[in-house]
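In the working numbering, the protein residues as written are 4 to 94.
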């Protein structure tokens with residue numbers, strides 16, 4: 004995620020095509036296929052006219068767990084502050 008400079012806030016409402024979702028190459032410029040295929044993101048809706056999927060976290064617990072895992076890699080927030088910062092991020 005850091006290597007591709009992906010904006011984490013986009014992930015909760017990511018829009019993508021089936022070509023991207025079916026991409027299996029880890030060296031892809033988009034981290035979305037790997038995150039989707041690992042189950043962190045799910046399909047929320049599909050626009051048949053344009054062939055666009057809207058992705059998001061399946062539930063709040065998954066979103067919080069994902070952010071909690073990534074937080075040490077992106078911030079200098081300590082463990083005591085992290086629940087408060089996660090709440091701000093997912094709200």
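Glycine included, C-beta positions come from ideal geometry on N, C-alpha and C.
Out of the options, point me to the one whose CA is closest to residue i's CA.
| i | options | result |
| --- | --- | --- |
| residue 52 | 9, 20, 14, 8 | 20 |
| residue 17 | 73, 69, 67, 48 | 48 |
| residue 45 | 27, 8, 66 | 66 |
| residue 13 | 57, 63, 23, 25 | 57 |
| residue 25 | 40, 61, 32 | 40 |
| residue 61 | 69, 43, 55 | 43 |
| residue 9 | 22, 68, 38 | 38 |
In the DSSP assignment, what residue or residues form a beta bridge with residue i?
| i | result |
| --- | --- |
| residue 50 | 55 |
| residue 20 | 55 |
For residue i, count the other beta carbons within 10 Å of its own beta carbon; 16 or more makes it buried, fewer makes it exposed. Which is it?
| i | result |
| --- | --- |
| residue 35 | buried |
| residue 72 | exposed |
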